[in-house]
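To keep things clear, I will list the structure first and then write my remarks on it.
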Amino acid sequence: MAVMSESASRRRPLDLNISWTDIGPFLALAALLVVGYLINPDFLSATNLANVITRSAFIAIIAVGATFVISSGGLDLSVGSMAAFITGITIMFMNAVAPHAGIWAIPAGMAVAILVGLVCGLANGLIVTVGRIEPFIATLGTMGIFRALITYLTDGGTIPIDRSLREAYRPVYFGTVGGIPVPILISIAVAAVASFILYKMKYGRKCAAVGANEDVARYSGISVIRTRTVAYIVQGVCVAIAAICYVPRLGAATPTTGQLWELQVITAVVIGGTALRGGKGHVWGTVAGAVILELIANLMVLSDFVSEYLVAAVQGVIIIIAMLIQRFSNSK
Amino acid sequence: MFSRKWIAAATLGALLLAGQAMAQDKKVIAVSIPAADHGWTAGIVYHAQAAAKEINAAFPNVEVVVKTSPSAAEQVSALEDLSASRKLDALVILPYSSEELTQPVKAIKDMGTFITVVDRGLTDASVQDLYLAGDNIAVGTNTAKFMIDKLGGKGDVVVLRGIPTVIDDERIKGFQDTIKGTDLKVLDIQYAHWNSDEAFKLMQDYLAKYPHIDAVWANDDDMLLGVLEAVKQSGRTDIKLALGGNGMKDIVKKVIDGDAMTPVETPYPPSMIKTAIYMTVANLIGQAPVRGTVKLDAPLITQANAKEYYFPDSPF
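Protein sequence lines, in the order shown, are assigned to chains R and P.
Taking the UniProt record's numbering, the leading residue of the first sequence gets 1, the next gets one more, and so forth.
Taking the UniProt record's numbering, the leading residue of the second sequence gets 1, the next gets one more, and so forth.
Here is the structure:
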């Protein structure tokens, strides 16, 4: 305790430190863009950047939710499976309603998606908080459950969206407003709302307090159970929003949809500057983290000097270097 | 009156006994396959169940039991369960992995069971009475031949490969060996893990990287779906061919409809499990000799023969 307060007071005068954590991910992003341009000028072409940022939207939106969960001291491994499950339910609902409601099946399906996400998140939250089960184990369990449910719903194959809805729904992924792809606008909106909640509302401070020190938070009259449960619900809703953007891309749900997204999501949150053990969340950093991950993958394909067998290794090295740069710039 | 009733009862009793004796004579064929966890295995489950239903209806003295398992360890347990309660006359198995399943299958063979192995061979080939598989090299070869033919022997091709396995390696090898010596140039080849989403991203990247692409080969149809979506989004018109492989119903449908970009398909059909089950029954019931190795070819599916490979009710 003494050591901690000492180091805290020693750091106090250098207020710059805090902003380093905030801008770290964006510096990494800028560096990556420069490196990418040097390797292949096509990297910075408008089409390529639009493609890459658009497809990072799913991970970014889910990771914004994960910023809440991780900031409050939790963890959610079920997000990838949950995304697949919600996608499946949404498509089945839309297909069932389409003959009666026509195009209105799409907004109705979106509402169903949000509702299912809310319930899934609530279930995760209650198991963790009321059930008092370690988040890792609880969400590992629900991860298996959601994955099995989507496999069951699809018979192991695919659930394609009704042809009559396909074209009408396509713009949600492929469309643009003012030249900017719709999924990018949606993720910016989600991040904006999230940063308002996390930084301007009372709930945001409770979230960070619970994540930083559960006992202190409890003594100061914060309901740990409610705070954490709400974080999981936010996560569920974010997964649902991501699923809504995902459906029109390939127009189908399969048992492999969203596989390993949970790891990308957690990586994005950590690259973004939020500590895995909880505490202050960095929403915009998280979004930058998601874009960085997708850019690295893109760069691997656009560059010619990495063997197809070594791509994953190089990606791992780049992520670790990015984290090291952040760490050292923080401790200066 | 009284005696007639007795006679009727006796006759009925005799019939029942005879029926039971016949039931004991029933030949039992166990089918052990992976659970449906992606398109191709979903097809395996569908065709195995269809074969079981057809055979059980056609041959009253044969019982086909289908058991799916989600992992190699559980497949071993399933084999023990299947063989514990009754004697199996035959076992048709698509093993999760060759190494882990060889010993357990051998144990069943030692009880006098006929062993049919599908797709992935066991490490000890002497355990297999009948081995039936598709031809992965031919999948690559036949696709390449078609491309060479269609593009007039020259062009720029990008390739999407699956998960690093023997299956993937063989398909790629068949393709590369065939285009050797032609002016068909492979611009790039990367893994997309037989996953539509990854294939979508990879194809977007290929399109950004190469201003001119003549043809795309995704060595599996799940990936081809992602590729087609990316090409559609780009609005590019230089891509003349986008081919897949495996025989997914959506792609076979494209072939039937005469799609310009995907006019052919190469099968590695999950329905091969059905071939294996029928051949095993032919041996048990009809004494047809089937011992040996059967390699299904991967003939091009064209508009002319596509109906043979189209299963609209299958999940794959």
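The beta-carbon is built from N, C-alpha and C at its ideal position, and this holds for glycine as well.
Between the region 293-303 of chain P and the region 259-278 of chain P there are three or more inter-stretch CB-CB distances shorter than 8 angstroms, so the stretches are counted as touching. In this structure, the alpha-carbon of leucine 160 of chain P lies about 7 angstroms from that of asparagine 219 of chain P. Against chain R, a Cβ distance below 7 angstroms from valine 157 of chain P picks out nothing, because the smallest value is about 15 angstroms. Under the 9 angstroms criterion on CB atoms, tyrosine 46 of chain P is classed as interfacial with respect to chain R. Distances from the CA of valine 186 of chain P to each of P:Asp156, P:Arg86 and P:Asp168 were compared; the closest alpha carbon is that of P:Asp156. The Cβ of alanine 242 of chain R sits no closer than 9 angstroms to any Cβ of chain P. Aspartate 135 of chain P counts as buried, since at least 16 other C-beta atoms from the protein chains shown sit within 10 angstroms of its C-beta.
For the 9 angstroms CB-CB criterion, isoleucine 29 of chain P and glutamate 63 of chain P form a contact. Put simply, the backbone Cα of glycine 316 of chain R is about 10 angstroms away from that of leucine 310 of chain R. A check of alpha carbon separations from proline 263 of chain P across P:Gly39, P:Gly247, P:Phe200 and P:Ser271 identifies P:Gly247 as the nearest.
The criterion of a C-beta distance shorter than 9 angstroms is satisfied by isoleucine 325 of chain R and glycine 24 of chain R. With a beta-carbon spacing of about 5 angstroms, serine 303 of chain R and isoleucine 39 of chain R fall inside the 8 angstroms limit used to define contacts. Nearest to arginine 120 of chain P by alpha-carbon distance, out of P:Gln190, P:Thr165, P:Asp149 and P:Gly286, is P:Thr165. Taken in chain order, the complete alpha helix (DSSP H) segments of 4 residues or longer contained in the region 122-176 of chain P are 136-151. When rounded, the separation of the alpha-carbon atoms in histidine 212 of chain P and threonine 141 of chain P is 24 angstroms. For asparagine 298 of chain R, the number of other beta carbons within 10 angstroms of its own is at least 16, and it is reported as buried. Bounds of any alpha helix (DSSP H) do not take in aspartate 257 of chain P, whose DSSP letter is neither H nor E.
Boundaries of the beta strand (DSSP E) harbouring glutamate 63 of chain P: 62-69, taken from the DSSP string. Sequence-distant partners of serine 234 of chain P (beyond 5 residues in either direction) whose C-beta falls short of 6 angstroms from its own C-beta, in its chain, are Leu207. Across the structure, aspartate 257 of chain P and glycine 285 of chain R are spaced so that their CA atoms are roughly 48 angstroms apart. Under the 8 angstroms Cβ criterion, the region 76-96 of chain R does not count as touching the region 197-207 of chain R, having fewer than three qualifying pairs. Within the same chain, Cβ atoms closer than 6 angstroms to the Cβ of leucine 88 of chain P are found at Val28, Ala30 and Thr113, the five residues on either side in sequence being excluded. A check of alpha carbon separations from alanine 304 of chain P across P:Ser77, P:Leu228 and P:Lys254 identifies P:Lys254 as the nearest. Under the three-state reduction of DSSP, threonine 302 of chain P is assigned to coil, being neither helix nor strand. With fewer than 16 other Cβ atoms inside 10 Å of its own Cβ, lysine 26 of chain P counts as exposed.
Taking a Cβ-Cβ cut-off of 8 angstroms, the neighbours of tyrosine 191 of chain P in chain R comprise Glu308 and Val311, given in sequence order.
Here aspartate 205 of chain P carries a helix assignment [DSSP, helix/strand/coil].
Here DSSP, grouped into helix, strand and coil, assigns leucine 32 of chain R to helix. Taking a beta-carbon distance threshold of 9 angstroms, arginine 163 of chain R does not count as an interface residue toward chain P. Serine 32 of chain P carries a strand assignment under DSSP once its states are collapsed to helix, strand and coil. For lysine 185 of chain P, the uninterrupted beta strand (DSSP E) run begins and ends at 183-191, by DSSP. When rounded, the separation of the alpha-carbon atoms in threonine 178 of chain P and lysine 145 of chain P is 7 angstroms.
Per the Cβ contact rule, the region 251-258 of chain R is not in contact with the region 227-237 of chain R (fewer than 3 Cβ pairs under 8 angstroms). Ranked by Cα distance from lysine 280 of chain R, the first of R:Leu293, R:Arg205, R:Ala268 and R:Ile225 is R:Arg205.
Shown in chain order are the members of the region 244-262 of chain R whose Cβ falls below 9 angstroms from a Cβ of chain P: Tyr246, Arg249, Leu250, Gly251, Ala252, Thr254, Pro255, Thr256, Thr257, Gly258 and Gln259. For lysine 53 of chain P, the closest Cβ of chain R is not nearer than 9 angstroms.
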